Amino acid sequence: MIKKINQCRICGNKNLIDVLDLGTQFLTSVFPDKNQIKNIEKYPLKLVKCHGNENVCNLVQLAHSVEKDLMYSDNYGYRSGLNSSMMSHLQNRVKRIMRIVNLKKNDIVLDIGSNDGTTLSYYDHQIKKIGIDPTSGKFKEFYKPDITVITDFFSAKILKNYIGNKRIKVITSFAMFYDLENPVEFAEQISQILDINEGIWVLEQSYLLEMLNKLSFDTICHEHLEYYSLTQIDWIMSKVGLKVIDVEFNEINGGSFAVTVCHKSNKIYKTSKKVNNILQLEIKKGLSNKKIFETFSKRVHLFKNNFKDFLISSIKSGKKIFGIGASTKGNVILQYCDIDKNLLPYIGEINHEKFNKFTPGSWIEIKKEDEILKMNPDLLLILPWHFKKFFLEQKKYKKFNLLFPLPETHIVKSNE
48 MIKKINQCRI CGNKNLIDVL DLGTQFLTSV FPDKNQIKNI EKYPLKLVKC HGNENVCNLV
108 QLAHSVEKDL MYSDNYGYRS GLNSSMMSHL QNRVKRIMRI VNLKKNDIVL DIGSNDGTTL
168 SYYDHQIKKI GIDPTSGKFK EFYKPDITVI TDFFSAKILK NYIGNKRIKV ITSFAMFYDL
228 ENPVEFAEQI SQILDINEGI WVLEQSYLLE MLNKLSFDTI CHEHLEYYSL TQIDWIMSKV
288 GLKVIDVEFN EINGGSFAVT VCHKSNKIYK TSKKVNNILQ LEIKKGLSNK KIFETFSKRV
348 HLFKNNFKDF LISSIKSGKK IFGIGASTKG NVILQYCDID KNLLPYIGEI NHEKFNKFTP
408 GSWIEIKKED EILKMNPDLL LILPWHFKKF FLEQKKYKKF NLLFPLPETH IVKSNE
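Under this note's numbering, think of the first position of the sequence shown as 48, with each following residue one higher.
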């Protein structure tokens, strides 16, 4: 059910140093009902870093791996199509891909970790679309009928049952490359099915340097085994006959980077100058050293004390505080900071599958968002704080004082 690693998941280096310990937490991605609470277990949530000389990859990663089937069960709570900001982001990703690649009728596009099919829905109907995701079974009703849905974990072998000897023109893997026990093997399998002449793979995940800068420690959860900078992505691709040709940064999930990759022998796509500039910047920022991570750890521990003290003092002064957005990231904050129903009685949510369920560890009841807003709380704690722009733009929140926990705890006062 849980395994402690003794070497780096990428380069095999056995020298792993401690970075940050968030204690033992109940699985951060599941939302149990009353009957399931007693069946959920705690697991360590601890970061380590591959460390040593110039021959190691310096990957930051979880010290333990939880069995995949426990995390991606029927209780898995995330769905892309419920978030308009995420939908817009994914649509823009597809638009950019279609500007880069000349997609023709019957070309194949593959989305790995396809969730509810949102990304694939933005491609032209004449393109052959395939989504693969172990949780896609529960979201099948949201997929368009022209999308082939595979409810499984990705492998080249499984894909070849659907595509035969054909190669895939576009592969995307958004917010999932950091979930892999063996990223190098995964990339190797991508190289086996990616079109050699014109194919691109776009992978997007949280960016380590942004996590450190924004103090977004809530990115750290049992699902996310690796915490990448471009250095490690480039290292992996060089081992499997692929190359990085472009990098883009965005604000999604507290700061992410989208990396575009093709076969090393590809002559069509030129490598952007940004790639080398970012690799040099990461060296300059000291991501291979201990110091930057020691500073991060101290800041996270300080946040815990200050944030909980702020909530306690607000409650004592008579304020009524409810949460908004039952999310994996929110679960990390709540459990690490020891926040329970005494401080936060309810969390409002728009995903009907989470109604009347509970947050793991903090055991806070999840209600319909409309019910929460009708109770007129003095403060709304926005747990998906990285979508701040979305919350500030929505009319229904404008009459409330919005509490954002990170990057620095602050309140945006109501406009009414």
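Every residue gets a Cβ at the ideal spot worked out from N, C-alpha and C, and that includes glycine.
Because the structure is a prediction, the values reported are computed rather than measured.
Chain-order list of residues whose beta-carbon lies under 7 Å from that of residue i (same chain, five-residue window excluded)
| i | result |
| --- | --- |
| M223 | I159, G160 |
| K187 | V196 |
| K53 | The sequence as given places Asn at residue 53; Lys does not occur at that position. Correct list, in chain order: K61. |
| V148 | K216, V217, E245, I247 |
| L358 | I368, I386, L390 |
| W432 | F451, P452, L453 |
| K286 | V231 |
| V107 | V66, L94, K96, L255, Y274 |
Cβ-based neighbour list, residue i, same chain, cut-off 8 Å, excluding 5 preceding and 5 following
| i | result |
| --- | --- |
| W410 | I84, D387, K388 |
| S202 | Q236 |
| L129 | I397, N398 |
| G408 | Q72, F73, K89, N378, L381, Q382 |
| G99 | N60, N62 |
Distance between residue j and residue i (C-alpha atoms, nearest Å)
| i | j | result |
| --- | --- | --- |
| K317 | G288 | 16 Å |
| F340 | S112 | 21 Å |
| E273 | L453 | 21 Å |
| K81 | N423 | 26 Å |
| N313 | N244 | 6 Å |
| K345 | Y170 | 45 Å |
| C55 | S361 | 43 Å |
| F350 | F200 | 36 Å |
| L420 | F343 | 35 Å |
| N353 | L450 | 14 Å |
| R371 | S263 | Looking at the sequence provided, one finds Ile at residue 371 rather than Arg. Cα-Cα distance, rounded: 18 Å. |
| D116 | M48 | 9 Å |
| L69 | K175 | 43 Å |
| K261 | L206 | 38 Å |
| Q138 | M284 | 26 Å |
| E257 | G301 | 7 Å |
| I458 | P79 | 30 Å |
| K311 | D65 | 35 Å |
| F233 | R146 | 26 Å |
| K191 | C309 | 28 Å |
| L277 | I325 | 7 Å |
| V141 | T166 | 7 Å |
| G178 | K366 | 46 Å |
| N86 | S303 | 34 Å |
Beta-ladder partner(s) of residue i, from DSSP
| i | result |
| --- | --- |
| L69 | DSSP output for L69 lists no bridge partner at all. |
| C268 | DSSP output for C268 lists no bridge partner at all. |
| Q252 | F304 |
| S220 | L250 |
| N462 | In DSSP, N462 forms no bridge with anything. |
| F296 | F304 |
| L63 | C97 |
| I35 | Within the shown structure, residues of the chain are numbered from 48 to 463, placing residue 35 beyond reach of any answer. |
| I215 | L241 |
| H457 | F451 |
| H310 | L289 |
For residue i, the three-state DSSP class (helix, strand or coil)
| i | result |
| --- | --- |
| Y316 | coil |
| D226 | helix |
| E245 | coil |
| I87 | coil |
| V347 | helix |
| E273 | strand |
| F233 | helix |
| G178 | strand |
| L450 | strand |
| L157 | strand |
| H172 | coil |
| V291 | strand |
| V196 | strand |
| K51 | strand |
| I205 | helix |
| V141 | helix |
| L322 | It is worth fixing the name first, because residue 322 is Val in this sequence and not Leu. Looking at V322 - three-state DSSP - the assignment turns out to be helix. |
| I484 | Any answer about residue 484 is impossible in this case: the structure gives the chain only from 48 up to 463. |
| I280 | helix |
| S135 | helix |
Spatial neighbours of residue i in its chain, beta-carbon cut-off 6 Å, leaving aside the 5 residues before and after
| i | result |
| --- | --- |
| Y444 | F438 |
| F434 | S132 |
| I413 | A373, I394, E396, K401, K404 |
| V379 | T75, D265, C268 |
| K355 | C384 |
| K50 | S112 |
| F447 | L427, S461 |
| E295 | A305 |
Closer than 6 Å: residue i CB and nearest the ligand ZN heavy atom
| i | result |
| --- | --- |
| I215 | No copy of the ligand ZN appears in this structure; indeed no ligand is present at all. |
If you scan the segment 351 to 422 from start to end, which runs of the beta strand (DSSP E) of 3 or more residues do you find wholly inside it?
-> Positions of the beta strand (DSSP E) runs, each at least 3 residues long and wholly inside the segment 351 to 422, are given as 368 to 371, 393 to 396, 412 to 415 in order along the chain.
Complete runs of the alpha helix (DSSP H) confined to the segment 92 to 131 [at least 4 residues] | Fully enclosed alpha helix (DSSP H) runs of 4 or longer: 115 to 118.
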